[in-house]
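One structure is given here, and the rest of the page talks about it.
In my numbering, the protein residues as written are 16 to 525.
Following this line, the structure appears as structure tokens:
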């Protein structure tokens, strides 16, 4: 048979054409409709694709706006959950006047929560998506704070043992929920925020959240000092923070986020991963340094605030103002530290930052009510110099993590540093209680104890300088690795790092 759409003759003697016959010439109405449908199908697909892309872009923009808004209203309760902050220190040192051993125990509980969540993270990740886990854990965290606000008048102020027991039990539970919510939030953020905008977006978001944190600290400190640390004042602050957190959880839940990452590759066997981690000598040295640093920073770190309240006779507003100065100086210096870390490497810049920071901490050994005005300069200097070390601590860990056993390395680092960080304030509280019972001069006791942190930290530089810094790994965000870094930021007044999403922008490869 000859082809019906050809004009002319081919080699077989059939009629050949250069003009294709129309569907109407070779088929009936049904064929005509089918051909028209096929002809217009690409246009329909293109229209659907454009509409889907526009909807996806609109959903992303709305999710980013909601993410910033929920962060602003979540910061009060997040700040109150740190081991050392104006609200919590005023509660345990002024309202209930708990002994040093109990204050040390309470300060250790967030690190215990960081440790415990390691064993739950794998099961929860297989049970529900990160968004569901985040909202659920944060809701339970909120419920714990609401329960404290309701039951606070029932905790006896004259019975330190009973008050310490109930506050410790409550803080352990709420810290565990907070740790799970924090890790899940970072896992969720990593899923849907595009890599190309993370640095710019979170830089702006962190700057916006900074105003929320500073405003809360100043208002809470002024309110507590104005009404002489009355229980209704604590309840009012808790109520405001809880109401704001409700809006935060609602905006998280309705956020139309979409997962963007591919499923992770199958991990190697646990034995193989353990072999890789144990073979990473620099990572093990860095973990040892992190353990020394965590113990040094937390042993008497929580008692700096107590010392300011009890011995230097500062009000909650004064302490909040000092923390504000540290946050501002740290936030302003952070971009410069980032440039130095990129140019000269993490290890040398961290060492310089740590030395500048810890040498200043020796001034705590000479503070009295007469020269307490030095605290303003000390907190400004500490915030500016400490920010470089804390930022470098994470970025160096990012480089040391072996990709073949990333999760195991993160878990091992977090477990070891959490244990040392948890034991430290308990040890510090016991030492202070023992020493204050035997020496009549509380200033001499505190001055001697405060020398431990800078001495241990400077000795730890020996371990830090033995770490070999390899080429940067291609990871863009490791959400479990910074849990202790964030928790420690409360001890140093660098609360702006609590909500910081550590992110290294990709280098230009032109």
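Where is the CB? At the ideal position from N, CA and C, for every residue including glycine. Computed from a predicted model, the values in this text were never measured in an experiment.
**Report entry** Backbone secondary structure at residue 540 - three-state DSSP
**Finding:** Outside the shown range of the chain, which is 16 to 525, sits residue 540, and nothing can be said about it.
Query raised in the report: What is the rounded straight-line gap between the Cα of residue 99 and the Cα of residue 320?
Result: As a working mapping, residue 99 is identified with position 84 in the chain shown. As a working mapping, residue 320 is identified with position 305 in the chain shown. Roughly 8 Å between the two C-alpha positions.
Requested in this report: Determine the DSSP secondary structure at residue 288, reduced to helix, strand or coil.
Outcome: Sequence index remark: in the chain shown, residue 288 carries index 273 (1-based). In this structure, residue 288 counts as helix in the three-state DSSP scheme.
Query raised in the report: Where does the unbroken alpha helix (DSSP H) through residue 462 begin, and where does it stop?
Result: Walking along the chain shown from the start, residue 462 turns up at place 447. In the DSSP annotation of this structure, the continuous segment of the alpha helix (DSSP H) that includes residue 462 starts and ends at 457-465.
Requested in this report: Specify whether the segment 133-149 and the segment 208-224 touch according to this definition: at least 3 beta carbon pairs, one from each stretch, less than 8 Å apart.
Outcome: As far as the Cβ criterion goes, the segment 133-149 does not touch the segment 208-224, which means the pair count is below three.
Query raised in the report: Of the choices 412, 89, 411, 438, whose alpha-carbon is the least far from that of residue 197?
Result: Working through the chain shown from its first residue, we reach residue 197 at position 182. Nearest C-alpha to residue 197: 89.
Query - Best match in 103, 78, 484 for proximity to residue 246 [C-alpha to C-alpha] - result: Position 231 of the chain shown holds residue 246. Residue 103 is the option with its Cα nearest to residue 246.
Query raised in the report: Do you know offhand how far residue 487's Cα is from residue 93's?
Result: Position 472 of the chain shown holds residue 487. Position 78 of the chain shown holds residue 93. The predicted model places residue 487 with a pLDDT of 45, which falls under 50 and marks its position as unreliable; any figure quoted below should be read in that light. Answer to the nearest angstrom: the Cα atoms are 31 Å apart.
Query raised in the report: Whose C-beta lies closer than 7 Å to the C-beta of residue 448 among residues of the same chain, with five residues either side of it excluded?
Result: Residue numbering aside, residue 448 sits at position 433 when the chain shown is read from its first letter. 114, 115, 116.
Query raised in the report: Quick one, which of 95, 269, 187, 369 has its alpha-carbon nearest residue 399's?
Result: Residue mapping note: residue 399 aligns to position 384 of the chain shown, counting from 1. Distances from the alpha-carbon of residue 399 to those of 95, 269, 187, 369 put 369 closest.
Query raised in the report: Where does residue 146 land, buried or exposed, given buried means 16+ other C-beta within 10 angstroms?
Result: What you label residue 146 is simply residue 131 of the chain shown in a count that begins at 1. Residue 146 is buried by the Cβ-count criterion.
**Report entry** 8 Å contact criterion, which residue 342 and residue 239 should meet: CB distance rounded
**Finding:** Your numbering for residue 342 matches position 327 in the chain shown. Your numbering for residue 239 matches position 224 in the chain shown. The beta-carbon separation of residue 342 and residue 239, rounded to 19 Å, does not stay under the 8 Å limit for a contact.
Query raised in the report: On the three-pair Cβ rule with 8 Å, is the segment 144-164 touching the segment 250-257?
Result: Touching, per the Cβ criterion.
Query - Where residue 73 falls, given that 16 or more other Cβ within 10 Å makes a residue buried - result: Walking along the chain shown from the start, residue 73 turns up at place 58. Under this definition residue 73 is an exposed residue.
Requested in this report: Enumerate in chain order the residues of its own chain whose CB-to-CB distance from residue 383 is below 7 Å, with the five nearest sequence positions on each side excluded.
Outcome: The count along the chain shown starts at 1 and reaches residue 383 at position 368. Contacts found: 458.
Query raised in the report: Just the Cα atoms here: how many angstroms apart are residue 408 and residue 356?
Result: Translated into positions along the chain shown, residue 408 becomes position 393. Translated into positions along the chain shown, residue 356 becomes position 341. Near 10 Å, if we compare the C-alpha coordinates of residue 356 and residue 408.
Query raised in the report: Which parts of the segment 420-445 are runs of the alpha helix (DSSP H), unbroken and 4 residues or longer, counting only runs that do not cross its ends?
Result: As summarised for the segment 420-445, there are no continuous alpha helix (DSSP H) elements at least 4 residues long confined to that stretch.
**Report entry** residue 223 versus residue 80 - alpha carbon distance
**Finding:** In the chain shown, counting from the first residue as 1, residue 223 sits at position 208. In the chain shown, counting from the first residue as 1, residue 80 sits at position 65. Rounded to whole angstroms, residue 223 to residue 80 spans 12 Å at the Cα level.
Requested in this report: Entirely within the segment 385-417 and at least 4 residues each: give me those alpha helix (DSSP H) ranges in chain order.
Outcome: Within the segment 385-417, the complete alpha helix (DSSP H) segments at least 4 residues long are 389-415, listed from N- to C-terminus.
Requested in this report: Output yes or no for whether 8 Å exceeds the beta carbon distance between residue 96 and residue 152.
Outcome: Position 81 of the chain shown, counting from 1, holds the residue named residue 96. Position 137 of the chain shown, counting from 1, holds the residue named residue 152. Note that the C-beta distance between residue 96 and residue 152 is not below 8 Å.
Query raised in the report: For residue 382, which three-state DSSP category applies?
Result: Working through the chain shown from its first residue, we reach residue 382 at position 367. In the structure shown, residue 382 sits in coil (DSSP, three-state: anything other than H, G, I, E or B).
Query - Validate contact between the segment 330-349 and the segment 362-377 using beta carbons, cut 8 Å, 3 pairs - result: They do not touch, by the three-pair rule.
**Report entry** residue 530 versus 404, 385, 402, 378, residue with shortest Cα-Cα distance
**Finding:** An answer regarding residue 530 cannot be provided, because it is not within the stretch 16 to 525 covered by the chain.
Query - Between the CA atoms of residue 300 and residue 422 - distance to the nearest angstrom - result: Taking the first residue of the chain shown as position 1, residue 422 is located at position 407. Taking the first residue of the chain shown as position 1, residue 300 is located at position 285. For residue 422 and residue 300, the distance between alpha carbons rounds to 18 Å.
**Report entry** DSSP-derived helix/strand/coil call for residue 100
**Finding:** For the purposes of this step, residue 100 is identified with residue 85 of the chain shown, where counting begins at 1. Coil.
Requested in this report: State the DSSP-derived secondary structure class of residue 173, mapped to helix, strand or coil.
Outcome: For the purposes of this step, residue 173 is taken as the residue at position 158 of the chain shown. Three-state result, residue 173: coil.
Query raised in the report: Cα separation between residue 184 and residue 211?
Result: The sequence position of residue 184 within the chain shown is 169, counting from 1. The sequence position of residue 211 within the chain shown is 196, counting from 1. Going from the Cα of residue 184 to the Cα of residue 211 covers about 43 Å.
Query - Contact belief for residue 431 with residue 306 at Cβ below 8 Å, rounded distance in angstroms - result: Translated into positions along the chain shown, residue 431 becomes position 416. Translated into positions along the chain shown, residue 306 becomes position 291. The beta-carbon distance between residue 431 and residue 306, rounded to whole angstroms, is 5 Å. This is short enough to meet the 8 Å contact definition.
Query raised in the report: If you draw a straight line from the C-alpha of residue 295 to the C-alpha of residue 415, how long is it?
Result: For this step, residue 295 is matched to residue 280 along the chain shown. For this step, residue 415 is matched to residue 400 along the chain shown. Taking the straight line from one Cα to the other gives about 8 Å.
**Report entry** Cβ separation of residue 406 and residue 372, assumed to be a contact under 8 Å, to the nearest whole Å
**Finding:** Residue mapping note: residue 406 aligns to position 391 of the chain shown, counting from 1. Residue mapping note: residue 372 aligns to position 357 of the chain shown, counting from 1. About 12 Å separates the CB atoms of residue 406 and residue 372; that is not less than 8 Å, and the two are not in contact.
Query - The alpha helix (DSSP H) enclosing residue 126, as first and last residue numbers - result: By 1-based counting over the chain shown, the position of residue 126 is 111. Note, residue 126: alpha helix (DSSP H), 115-142.
**Report entry** Given residue 287 as reference, the closest of 476, 418, 467, 65 once Cα atoms are compared
**Finding:** The residue labelled residue 287 in the question sits at position 272 within the chain shown. It is 418.
Requested in this report: Look up residue 330 in the DSSP assignment and say whether it is helix, strand or coil.
Outcome: Within the chain shown, the letter at position 315 stands for residue 330. Three-state DSSP puts residue 330 in coil, outside helix and strand.
Requested in this report: Mark residue 479 as exposed unless 16 or more other C-beta atoms lie within 10 angstroms of its C-beta, in which case mark it buried.
Outcome: Numbered from its first residue, the chain shown carries residue 479 at position 464. So residue 479 counts as buried.
**Report entry** Buried versus exposed, by CB contacts within 10 Å (16 or more), residue 171
**Finding:** Here residue 171 refers to the residue found at position 156 when the chain shown is read from its first residue. So residue 171 counts as exposed.
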